[in-house]
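Novice: Just passing along the structure, written as structure tokens.
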Amino acid sequence: MAKPAKQLVIVTEKILLKKIAQIIDEAGATGYTVMETGGKGSRNVRSSGQPSVSDTQANIKFEVLTQTREMAEKIVDRVAVEFFNDYAGIAYIYDAEVLYAHSFCGPEGC
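Read left to right, the sequence shown gives residues 3 to 112 (the working numbering).
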């Protein structure tokens, strides 16, 4: 059986990786996935996968599964307040169903 969850996605600048990871951990999320990414938005085009002199020009995408919308909002509210005025970023939440994940569902499974 699937367990309902919320998936929080945060796309922002790579320079914020450690700071956002710490916020996610402090909120009590069981984990997250981070990917390098690129694209186009209100703050111009960013690419990934290309050699560059500075790694700070890359974007990253966090995917975080949370058990409640409240936890996802707690994370994104702090990230937005601390970083989105000075750094490019977008965040969104959508419904998800966890089919299997020991750390998310517990020893009894989903």
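Ideal Cβ placement from N, Cα and C applies to all residues, glycine included. A quick note: this is a predicted structure, and the numbers were derived from the prediction, not measured.
Looking at ALA74 and the ligand GTP, is the gap between the Cβ and the nearest heavy atom below 7 Å?
Specialist: With respect to the ligand GTP, the structure shown offers nothing to examine, as it has no ligands at all.
Novice: Please name the residue in ASN61, GLY91, VAL78 and ALA60 whose C-alpha comes closest to that of THR68.
Specialist: Here the closest residue by C-alpha is VAL78.
Novice: Under DSSP, the alpha helix (DSSP H) around ALA74 begins and ends at which residues?
Specialist: 71-85
Novice: Using the Cβ count rule (16 or more neighbours within 10 Å means buried), how would you classify GLY91?
Specialist: buried
Novice: Could you give the distance in angstroms between the alpha-carbon of LYS21 and the alpha-carbon of ALA103?
Specialist: 25 Å
Novice: Are the beta-carbon atoms belonging to THR14 and PHE85 less than 8 Å from one another?
Specialist: yes
Novice: Suppose you measure from the CA of ALA93 to the CA of LYS63; what does that come to, to the nearest Å?
Specialist: 9 Å
Novice: If you measure between the beta carbons of ILE25 and ARG80, is that distance less than 8 Å?
Specialist: yes
Novice: By a C-beta neighbour count over all protein chains shown, 10 Å radius and 16 as the cutoff for buried, is ASN87 buried or exposed?
Specialist: Label assigned to ASN87: exposed.
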